[in-house]
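Participant:
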Amino acid sequence: MASLLNFPVEVLNLILEAVDPNDKPAFFKLSLVCKVFNMLATPMMYRTVEIYEPEDIHKFLFSIISSHARASMVKSFAAIGDKYGAPEVIDIYASRGWLLENSWNRTVIPIWEKHFPKHLPDYFGSYSLLAAVYLTNLDTLSLNQFYGVKYWDFLEAISFASLINTNGEFRPYIWPMLSTVIMGSSIDDNPVSSMMLFARIPTLRRLLYYDISYFGYHSVFENLPFTPIRSRSTDLEELVLESFDILHHARMDRLLRAPKALRVFRYSASGHWYISFKTTWLATSLRHQSHALEEISLTDFDAFLPDMEMPEIEIDFISFSSFRILRTLEVSTVFAFGQAALLFDAHLLNPEDLHLFLADSSLDPLNGDIDLAADHESTERCLVKMLPPSIETLRLRDCGKPWAAERLDRALAELLKWRDIKFPNLNTIELWGAPHRMDQNWISQIHQSALEARVKGMHIRFHILERIPGWVWVKDIFSRSL
5 MASLLNFPVE
15 VLNLILEAVD
25 PNDKPAFFKL
35 SLVCKVFNML
45 ATPMMYRTVE
55 IYEPEDIHKF
65 LFSIISSHAR
75 ASMVKSFAAI
85 GDKYGAPEVI
95 DIYASRGWLL
105 ENSWNRTVIP
115 IWEKHFPKHL
125 PDYFGSYSLL
135 AAVYLTNLDT
145 LSLNQFYGVK
155 YWDFLEAISF
165 ASLINTNGEF
175 RPYIWPMLST
185 VIMGSSIDDN
195 PVSSMMLFAR
205 IPTLRRLLYY
215 DISYFGYHSV
225 FENLPFTPIR
235 SRSTDLEELV
245 LESFDILHHA
255 RMDRLLRAPK
265 ALRVFRYSAS
275 GHWYISFKTT
285 WLATSLRHQS
295 HALEEISLTD
305 FDAFLPDMEM
315 PEIEIDFISF
325 SSFRILRTLE
335 VSTVFAFGQA
345 ALLFDAHLLN
355 PEDLHLFLAD
365 SSLDPLNGDI
375 DLAADHESTE
385 RCLVKMLPPS
395 IETLRLRDCG
405 KPWAAERLDR
415 ALAELLKWRD
425 IKFPNLNTIE
435 LWGAPHRMDQ
445 NWISQIHQSA
455 LEARVKGMHI
465 RFHILERIPG
475 WVWVKDIFSR
485 SL
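Reminder that position 21 of the sequence shown reads as 25 in our numbering, one-by-one numbering, no gaps.
1) Taking just the CA atoms, how far does K282 sit from T140?
2) Find the nearest neighbour of F158 within the set T184, S146 and T111, judged by alpha-carbon distance.
3) State the DSSP-derived secondary structure class of K282, mapped to helix, strand or coil.
4) Tell me whether C403 sits in a helix, a strand or coil according to DSSP, three-state version.
5) Evaluate Y131 with the Cβ neighbour count: other Cβ atoms within 10 Å of its Cβ, from every protein chain shown; 16 or more gives buried, anything less gives exposed.
6) Look at the alpha carbon of Q449 and the alpha carbon of E59, and state the distance between them as a whole number of angstroms.
7) My assumption, with CB atoms under 8 Å, is that A345 sits in contact with R414. Please give the rounded CB distance.
8) Buried or exposed for R423, going by 16 or more other Cβ atoms inside 10 Å?
9) Could you give the DSSP three-state label for A438: helix, strand or coil?
10) Tell me the start and end of each unbroken beta strand (DSSP E) in the stretch 131-161 that is at least 3 residues and wholly inside, in chain order.
11) Taking the CB atoms as reference points, tell me whether A45 and F64 lie closer together than 9 Å.
12) Flag this pair as yes or no: are the beta carbons of F269 and E299 separated by less than 9 Å?
13) In terms of residue numbering, what span does the beta strand (DSSP E) encompassing Y214 cover?
14) Pick from I178, I115 and L420: whose alpha carbon is nearest that of T144?
15) Helix, strand or coil for I488, going by three-state DSSP, please let me know.
16) Run the CB neighbour count on L469, radius 10 Å, all protein chains shown included, and call it buried at 16 or more, exposed below.
17) Let me confirm a value: P91 is counted as buried when at least 16 other C-beta atoms fall within 10 Å, else exposed. Which label applies?
18) I need the DSSP call for P393, collapsed to helix, strand or coil.
19) Beta carbon of M390, beta carbon of F339: below 9 Å?
20) Compute the Euclidean distance between the alpha carbons of L260 and V40, then round it to the nearest angstrom.
21) Work out the CA separation of R399 and T303 for me, nearest whole Å.
22) Report all residues from its chain with a CB closer than 8 Å to the CB of R267; omit the five preceding and five following residues, and keep chain order.
23) Among residues of its own chain, excluding the 5 on either side of N106, which ones have a beta-carbon nearer than 6 Å to its beta-carbon?
24) List the DSSP bridge partners of R51.
25) With distances taken from CA atoms, which of K264, A265, P392 and D27 is nearest F327?
26) Can you grab the Cα-Cα spacing for the pair A155 / L134, in whole Å?
27) Tell me, please, which residues DSSP counts as bridged to P263.
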């Protein structure tokens, strides 16, 4: 009599692969059918784990802590849920004794007890991190919670204590195959510590930080000691820092020295600066990866421009002309023209403010001493100087400021004149802005460059963004080509 079990194991695996990976009850039922299905379905049930509730992390932790086999099946682990536990549902203190008694790794629990001794208001986060430590074959780790120094001190103690070989290179005790770390919508009193810790993992290829909320004293980041990372010691290929304004330039430099060949770098500010920032620092750090970077994104750096009371922020023109294989560049317009030029344009709307802005200059805007055309001409070739010959896509963000349209139009027109000679691969130019700024009137001012683009057989594409409440991502609500 024909039986499903007569099929080769490879065929049965293909059948089980068709099951929704998030349908854990289905895999559980399949694992009860027989020994063969148990052998095939159990790894699939544990392969991808997403935890949302405190009681779920409790059950999952008990499952993997008592079985190394089950723990080794997990390839992707995401802890996304409420930071507060439910003491009426879970006996936290009784579970501690069970964990210590049944753990297959007896060195982890005592260290965890030391860093989380008694009070656990952040029960979900601490138990999630403990569960992650047991997942020895983990490939992707996603954390979306309330974290802080004690969490990263715990990981430091577990993962890197006495794990330096004679060559001074790190040999990770946990996560020897970890390739992706995603930190999203978290609250952290020291997110820099976690970033520097994860960045040291030699196998890591993607390190993504999204919408990290910081609480604490802002000045602490200037003087924090940081764990050294050896240059060219990791396989990191993609580094994303979204809404992240607290990374001191010394740490940024270490972070960008570590990868052997970083391919993608995305860095966006939130406009609420906690530390000083200078373009020269960032430019110097990025040059460590000029041989490998294929995509760079530097956005949301224009939010503070109308504010004249931020002397610790200096954002100027930045050049990527020496980047050998850079194909996609996405930058705020301030990196193309410099902070001073855009502030100059902004204050032209109010001559009296401009007079104060140029207080140390002999020019008098009220007497017509300023040659606006000459000033725009001074930045006309900024984009030509900025881009490398390998560029394919230029995406200018934070556009739409009424005072900067003419300056941008002239610079784009000049870039397109040189396109065939200097930038033969350039085929896409996009301008992105907010709906309250990039209106039809503003778009109509980009006429000279639009005409030049049509001559080259190209189009300048406009995109209007709308921020989605509660998220750092934006959606494209309007697009148009000229």
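Note that the Cβ used here is the ideal one computed from N, Cα and C, for glycine as well.
Values in this document were obtained by computation on a predicted structure and should not be read as measured data.
Facilitator: Judging by the given coordinates:
1) Against the sequence shown, residue 140 aligns to sequence position 136. Against the sequence shown, residue 282 aligns to sequence position 278. So the alpha carbons of these two residues sit roughly 41 Å apart.
2) For the purposes of this step, residue 158 is taken as residue 154 along the sequence shown, with counting starting at 1. F158 has its Cα closest to that of T111, out of T184, S146 and T111.
3) One-based indexing of the sequence shown puts residue 282 at position 278. Correct three-state label for K282: strand.
4) What you label residue 403 is simply residue 399 of the sequence shown in a count that begins at 1. Residue state, collapsed to three classes: strand.
5) Sequence index remark: in the sequence shown, residue 131 carries index 127 (1-based). That one is buried.
6) By one-based count along the sequence shown, residue 449 stands at place 445. By one-based count along the sequence shown, residue 59 stands at place 55. Approximately 58 Å, taken between the alpha carbons.
7) On the sequence shown, residue 345 is found 341 positions in, with the first residue counted as 1. On the sequence shown, residue 414 is found 410 positions in, with the first residue counted as 1. With a Cβ gap of about 12 Å, A345 and R414 do not count as contacting.
8) Residue numbering aside, residue 423 sits at position 419 when the sequence shown is read from its first letter. It counts as buried.
9) Taking the sequence shown and counting its residues from 1, one reaches residue 438 at position 434. Coil at A438, not helix or strand.
10) 144-148
11) Numbered from its first residue, the sequence shown carries residue 45 at position 41. Numbered from its first residue, the sequence shown carries residue 64 at position 60. Taking 9 Å as the Cβ cut-off, A45 and F64 do not qualify as a contacting pair.
12) Position 265 of the sequence shown, counted from the start, is the residue given in the question as residue 269. Position 295 of the sequence shown, counted from the start, is the residue given in the question as residue 299. Yes; because the gap between Cβ atoms is below 9 Å, this pair is in contact.
13) Looking up residue 214 in the sequence shown gives position 210. Y214 -> beta strand (DSSP E) spans R210 to Y214.
14) Your numbering for residue 144 matches position 140 in the sequence shown. Ranking I178, I115 and L420 by Cα distance to T144 puts I178 first.
15) As displayed, the chain neither begins before 5 nor continues past 486, which places residue 488 out of reach and without an answer.
16) Residue 469 sits at position 465 when you count from the first residue of the sequence shown. Buried, since its Cβ has 16 or more Cβ neighbours within 10 Å.
17) One-based indexing of the sequence shown puts residue 91 at position 87. Because the pLDDT at P91 is just 47, under 50, the model does not fix this residue reliably, and the value given afterwards should be weighed accordingly. Exposed is the call here.
18) Numbered from its first residue, the sequence shown carries residue 393 at position 389. Note: P393 maps to coil in three-state DSSP.
19) Your numbering for residue 390 matches position 386 in the sequence shown. Your numbering for residue 339 matches position 335 in the sequence shown. The answer is yes: Cβ separation under 9 Å.
20) Here residue 260 refers to the residue found at position 256 when the sequence shown is read from its first residue. Here residue 40 refers to the residue found at position 36 when the sequence shown is read from its first residue. In a straight line, the C-alpha of L260 is about 48 Å away from that of V40.
21) For the purposes of this step, residue 303 is taken as the residue at position 299 of the sequence shown. For the purposes of this step, residue 399 is taken as the residue at position 395 of the sequence shown. Taking the straight line joining both Cα atoms gives about 10 Å.
22) Walking along the sequence shown from the start, residue 267 turns up at place 263. Answer for R267: E241, E242, A296, L297, E298 and E299, listed in chain order.
23) For the purposes of this step, residue 106 is taken as the residue at position 102 of the sequence shown. Once the five neighbours on either side are set aside, the close Cβ partners of N106 are S70.
24) Residue numbering aside, residue 51 sits at position 47 when the sequence shown is read from its first letter. R51 pairs with nothing; no bridge assigned.
25) The residue you call residue 327 lines up with position 323 of the sequence shown. Comparing Cα positions, the closest option is P392.
26) Here the question's residue 155 lines up with position 151 in the sequence shown. Here the question's residue 134 lines up with position 130 in the sequence shown. The sequence shown places Tyr at residue 155, not Ala. Between Y155 and L134, the C-alpha separation is close to 9 Å.
27) Along the sequence shown, one-based indexing puts residue 263 at 259. Partner(s): T238.
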